[in-house]
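See structure below.
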Amino acid sequence: MSILVDKNTRVITQGITGSEGSKHTNLSLEYGSNFVGGVTPKKGGMMWKATSGKELPVFNTVAEAVAKTGADASMLFVPPGLAADAIMEAADAGIKLIVAITEGIPVLDMAKAKRFLQTKPDCRLIGPNCPGIITPGQCKIGIMPGYIHKPTEPGKTGIGIISRSGTLTYEAVFQLSSMGYSQSTCVGIGGDPIIGTNQIDLLKMFEEDPGTEAILMIGEIGGDAEERAAAYVAQHVKKPVAAFIAGKTAPPGRRMGHAGAIASTSAGTAKEKVAALEKAGIAVAATPADLGDAVQRAIAAKKK
Amino acid sequence: MSILVDKNTRVITQGITGSEGSKHTNLSLEYGSNFVGGVTPKKGGMMWKATSGKELPVFNTVAEAVAKTGADASMLFVPPGLAADAIMEAADAGIKLIVAITEGIPVLDMAKAKRFLQTKPDCRLIGPNCPGIITPGQCKIGIMPGYIHKPTEPGKTGIGIISRSGTLTYEAVFQLSSMGYSQSTCVGIGGDPIIGTNQIDLLKMFEEDPGTEAILMIGEIGGDAEERAAAYVAQHVKKPVAAFIAGKTAPPGRRMGHAGAIASTSAGTAKEKVAALEKAGIAVAATPADLGDAVQRAIAAKKK
Amino acid sequence: MKVHEYQAKELLAAYGAPVPKHVVCKTADEVGAAFDQLSNGGGAVVKAQVHAGGRGAGQLMGYADKLGGVKFVPTKEKAKTVAEAMLKHSLKTKQTGPEGQKISTLIVQADAEPAKEFYVGMVLDRSVGLPMVMASAEGGMDIEEVAAKHPEKILKVHVAPETGLLPFQAQKLAFDLGFSNEQIGSVVKILMALSKVYFEKDASIVEVNPLAVTKKGDVVVLDAKIDFDDNATFRHKDVQALRDMGEENPTEIRAAKASLNYIQLDGNIGCLVNGAGLAMATMDIVNHHGGSPANFLDVGGGVTAENAVEAFRIILSDDKVKAIFVNVFGGIASCARIAEALVKAGREVGFKIPVVVRLEGNEVEKAREILNSVKDELPAIRVAKGLTEAAKLVVELAK
Amino acid sequence: MKVHEYQAKELLAAYGAPVPKHVVCKTADEVGAAFDQLSNGGGAVVKAQVHAGGRGAGQLMGYADKLGGVKFVPTKEKAKTVAEAMLKHSLKTKQTGPEGQKISTLIVQADAEPAKEFYVGMVLDRSVGLPMVMASAEGGMDIEEVAAKHPEKILKVHVAPETGLLPFQAQKLAFDLGFSNEQIGSVVKILMALSKVYFEKDASIVEVNPLAVTKKGDVVVLDAKIDFDDNATFRHKDVQALRDMGEENPTEIRAAKASLNYIQLDGNIGCLVNGAGLAMATMDIVNHHGGSPANFLDVGGGVTAENAVEAFRIILSDDKVKAIFVNVFGGIASCARIAEALVKAGREVGFKIPVVVRLEGNEVEKAREILNSVKDELPAIRVAKGLTEAAKLVVELAK
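Okay, structure coming up:
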């Protein structure tokens, strides 16, 4: 079991003919994802050729791609200035899951796109500015390295991961796989101030997913999403939850790489977040080397 | 019985200190409506004095008026350039029924206000560019002459009126009252291209209102609201329905007074509308002198 | 409020739409000079600037040859001849009415002969209260005809008023209309310009018809029409400046100055009514009983005696009018006040034709007394009791 | 992207907000002339233009008297003296860091001594993804402090990004803040200007603090701060033109040119990491084991060998750095490529201090072979196996 994506998910790439779009469509195809086409305006009608030799049809519009391929998910590699429009296009065309990898989308563009998405309740956006989503062994939509993941065997359970950071997620997955923990689904929710799907949305899904044994939540400074997630966990989540917050030593007022990773002197600090998480009974990793162990501790604590 | 307003409705006037707002608050008070205050920005804190000597508090904002008076309805006499904003203010402040009398609001202002209202599902707008709404003997919110109306006695039923025109409604009410028909509620829905409440909304309410015996719908050229209403009547309305369409002799392409009363050579004509109404089994009045008789015919036809 | 083709195109061009070059001319000599400037060896097009549509298929009234309001001219001499004819003769089209429309402005346009014509327009969809873009590959013809006969050939996209047309919507429309990859960019520019003009200038209709693909493959706005929301021109000084009073009916302008809503028609029964709906219905009942209304006239609810007198003057200024029908339902306003205004008008203007009066509502008895008291002084005034009786009477008297 | 107070105020003024007159000066003589122009017999205010806040309570470094970045001056002579001092001495405030900030621009502002100070600002409310206006009658002080201690004293209104602040929202805020009827108009103007700048220029923060009521009762923008969304400056040439490179850290500018995300800190362990989250976490683990990071540095996923070498140069340009921590998790990118870049950097730049390397992920074995092969040539490179081991080692070596 898993959340959001599995081997039946039919994916298109928006921006498939671009260098990043093309590269990661190839890597995702190699991982076994079910990509059925791509969209690049003015390139409609051509065939995109994978390194494997497989060919995918390219369409001018998402609407056409959906009509002709039955796609229900989209991996989005559109340049930042056009990305919010492409997100709205996908939602308007009936795509159910949009995974926006693009980094650097203007905040107000996302604010408008988010309002547009609210008129499309069947559509979910992951990201933007995220590595994507993967259900190991079944479907990878994004730029994460597939090989580090450990699929959950049928009938077994794995760890669900929710993360605002890319490489830190790989670090976590690597530690978990090394320790023998498989993953159910790993979701990079993105490092921007406005994102489509937040921690609470996913905590709810993981809590309900019978294939998920425990949840690891990787956060960072900025905003109060972790504090709100902690409150949600305390009230609604029965499964073991571990967490990590990056940015304890980040200077206030500075944007630490991610547009959303900025703490002020009094709000969005790592200290506040860790306190909130611990108060909610979540096992908080002390360092990035402690991610796997924290999950183990969370599981052990619930077994008591 | 009645729809939307009755003797318990608590009304404020937006623009109470203006000449029209003041005049019609007086006339509505004299009719017996329960006005509890008014709003005029920068006049907050003063008392508005009715010709009867009664005093009403004036507030700077609708929010304050609602908080202090418990108002649930608003009669709006704000100048056209500011009216859409005032409508949104009323909706935002929790007013449940906004009756916008103002004529001449820019169409795009109303398009935006209508979108805003969609985020406030508990709020209903009547108008703009309408005479208002009256439940005879109980509550008058608007500029219609109260004296022509005949209240429906408790336990009895009356005629419900839905109209795009002001004076034509008075003509109808006068004919009905003269013939002995009381009215349940009369609603002027307004002559603009974008209005808050349409014929179908009201047909549904009148159909469900035990105090309404039959419905008279007064339309005019422009748009296809009457055609859609006719289709609704055919499917969903069991009560007798009569109708009249003004503008049979109106030249195409000209705006006949009301911003919404404009027919093209092929759409929105009186001919099309009358045909649709008749097809739905509605008794259509041949001339404005025939309004009361048409209602009588509609009732008689249903009794057969 | 309507504007000329050249004004509409210049506005669209200002918002980024590709538009063929043109020069606005008032004389045949200016047309000749403009021809030299724009023809580039291949001729040019002379187009009459009037507010009515159907110019190409129209005919200059009293002109010997077949010539409408749009003409390709291969030479400067021909350009000047055509211009002279247009400036001298009124143009009659299916939208001008039988009297035609005087032409005082022409444009000379660089030739952009279309290989294919499309339609794109933006209007309000009243059924949902949202603006929409309509587009069709069947351009260059009356879009209402296409809509009536082949609704499937019209693409429709609703547009949120807070955002305007979204780029992806414009792009999808362009692809769905079947444009080539090279043309998509220009079509998107035109559609976005359409939307920007509509929202930023409070237009009620923006139409590009035809949106043409030229023989060279270029996409251009070949003809355009913009109407503006009269309720919103107060906040657009630039739009107000586009108004050409010469295109409007002088009587209607005069009426507007007196806060009267007046539209001239071609019948012989002048109507004076309070309320737009009742005014239309009054025309209808006149027509129902065999008469023909000379005008629509709504004096409104708060009419002053002075404006009511002006209303009579306006109605009487139309020589065709043989009788007047005053139909007033006194709601809040008193019938007595209308009666007083009527007497004032009779005294100041003089009624040489019958005036049938039907009053009902507030203070109707007092009004009847007032009118009764001047029966001998103003015998033209005939008070009728019912609406039907009044309509029949005025039709009879106008014969 | 940050801008100066005077730029923020001029932008707000362009959108209709009332702002006190000011003159921008670069020299004491210009300040003198501006004083004559603006003082109007009653003095003026000289304000240092630096990107850091807390100027009023700051102190000019090495200046004998108590003098911060904002000073009322009663005479022209005093104005010039103050200006000279400001232009000569760096200003230290709680936001500048210990090294202070050099002042190169001043404004002279017409005196508008506040009788009461308010706060209004617009920021993104990340919890709902909507911008919001925050307003408080407790202005002139650090709003975060007010928010922390008296959250009930801050009014908040969410704003739809498609419409901006609606007039009724602005008016309600103005009334709720307790302004008088005469002042409402100016406050609404300021609030609407705030929203327009925010939306039309893609700002991330627009603050007016204080929004002052002067002793005469006028409402003015006495100080303002605007930050712009770095992701959106590409579409605002006018905003780009406001950038003052003199206010930015030169090393950070240099790093940005090489597509490196670098922030200077004051520790002694240079960090080179791929990914923003891991880069922060690397600083944290260094700190956890008793070390102190000298910088945040995210080389990104697609780093080239050339940019990696530049990254080492940048780290090494900081004299405080005593050891370097390279922490890379090879995801899609190969660890071998990072190892190669490391060798290239070592050869070109030279490592005089220890470089602790922790690589994991894609092609890590190959990477270790590469580093092993240059063990003798580049002895400074120390390969660690685990993340904890690496962190401990680099902390040890930096001591």
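The listed protein sequences correspond, in order, to chains A, B, C and D.
Heads up, the first sequence is in the numbering used here, so the first residue is 3 and it goes up one at a time.
Heads up, the second sequence is in the numbering used here, so the first residue is 3 and it goes up one at a time.
Heads up, the third sequence is in the numbering used here, so the first residue is 203 and it goes up one at a time.
Heads up, the fourth sequence is in the numbering used here, so the first residue is 203 and it goes up one at a time.
Cβ coordinates follow ideal geometry from the N, Cα and C atoms, glycine included.
As the structure is a prediction and not an experimental result, all values here were calculated from the model.
Close-in-space but distant-in-sequence residues of the same chain around residue i (CB under 6 Å, 5 per side omitted)
{"i": "G1/B", "result": "No answer is possible for residue 1/B: the residues shown for chain B start at 3 and end at 306."}
{"i": "A95/B", "result": "V64, A65, V68"}
{"i": "R299/A", "result": "A285"}
{"i": "A245/B", "result": "M219, L279, I284, V286"}
{"i": "I97/B", "result": "S76"}
Short Cβ contact (8 Å threshold) for residue i with residue j
{"i": "A102/B", "j": "I128/B", "result": "yes"}
{"i": "R117/A", "j": "E402/D", "result": "no"}
{"i": "V322/D", "j": "L396/D", "result": "yes"}
{"i": "A291/B", "j": "E229/B", "result": "no"}
{"i": "A586/D", "j": "L595/D", "result": "yes"}
{"i": "G244/D", "j": "D313/D", "result": "yes"}
{"i": "A174/A", "j": "H490/D", "result": "no"}
{"i": "F320/C", "j": "L467/C", "result": "no"}
{"i": "G270/C", "j": "Q261/C", "result": "yes"}
{"i": "F531/D", "j": "E567/D", "result": "no"}
{"i": "S461/C", "j": "F430/C", "result": "no"}
{"i": "S4/A", "j": "T137/A", "result": "yes"}
{"i": "V408/C", "j": "H360/C", "result": "no"}
{"i": "I145/A", "j": "V7/A", "result": "no"}
{"i": "E159/C", "j": "K204/C", "result": "The question about residue 159/C has no answer, for chain C in this structure spans 203 to 601."}
{"i": "V501/C", "j": "A507/C", "result": "no"}
is_contact[residue i, chain B] using C-beta, thresh 8 Å
{"i": "P452/C", "result": "no"}
{"i": "F377/D", "result": "yes"}
{"i": "F401/D", "result": "no"}
{"i": "Q373/D", "result": "yes"}
Any C-beta of chain C under 8 Å from that of residue i
{"i": "D87/A", "result": "yes"}
{"i": "K70/A", "result": "no"}
{"i": "T63/A", "result": "yes"}
{"i": "K116/B", "result": "yes"}
{"i": "E222/B", "result": "yes"}
Cut-off 8 Å between Cβ atoms - residues of its own chain near residue i, not counting five sequence neighbours on either side
{"i": "I161/B", "result": "L178, Y183, S184, Q185, S186, T214, E215, A216, I217, L218, V297"}
Contact set for residue i: own chain, Cβ-Cβ below 7 Å, skip 5 residues either direction
{"i": "A252/A", "result": "I223, M258, A265"}
{"i": "A88/B", "result": "Q16, L78, V80"}
Beta carbon proximity, residue i to chain A, threshold 8 Å
{"i": "E315/D", "result": "no"}
{"i": "N489/C", "result": "no"}
8 Å contact criterion, which residue i and residue j should meet: CB distance rounded
{"i": "L499/C", "j": "V551/C", "result": "About 15 Å separates the two Cβ atoms, so there is no contact after all."}
{"i": "N36/A", "j": "T11/A", "result": "6 Å"}
Interface flag, residue i vs chain D, CB-CB below 8 Å
{"i": "M1/A", "result": "Because chain A in this structure spans residues 3 to 306, residue 1/A falls outside the shown range and cannot be described."}
{"i": "T56/B", "result": "The question names Thr, but residue 56/B is Lys in the sequence shown. K56/B does not count as touching chain D."}
{"i": "E173/A", "result": "yes"}
{"i": "I107/A", "result": "yes"}
{"i": "R126/A", "result": "no"}
Original post:
Counting Cβ pairs closer than 8 Å, one from the region 192–200 of chain B and one from the region 110–127 of chain B, do we hit at least three?
Top reply: yes
Subject >> Meets three-Cβ-pair contact criterion under 8 Å: the region 352–370 of chain D and the region 383–396 of chain D >> reply: Under the Cβ criterion (8 Å, minimum of three pairs), the region 352–370 of chain D counts as touching the region 383–396 of chain D.
Subject >> Sufficient close CB pairs (3 or more, under 8 Å) joining the region 284–293 of chain D to the region 227–234 of chain D >> reply: As far as the Cβ criterion goes, the region 284–293 of chain D touches the region 227–234 of chain D, which means the pair count is three or higher.
Subject >> Contact between the region 518–526 of chain C and the region 465–480 of chain C (3+ Cβ pairs under 8 Å) >> reply: The region 518–526 of chain C and the region 465–480 of chain C touch, with no fewer than 3 CB-CB distances between them shorter than 8 Å.
Original post:
With contact counted as at least three CB pairs below 8 Å, one residue from each stretch, are the region 431–438 of chain D and the region 236–255 of chain D in contact?
Top reply: no
Original post:
Is the region 538–554 of chain C in contact with the region 147–157 of chain B, if contact means three or more CB pairs nearer than 8 Å?
Top reply: no
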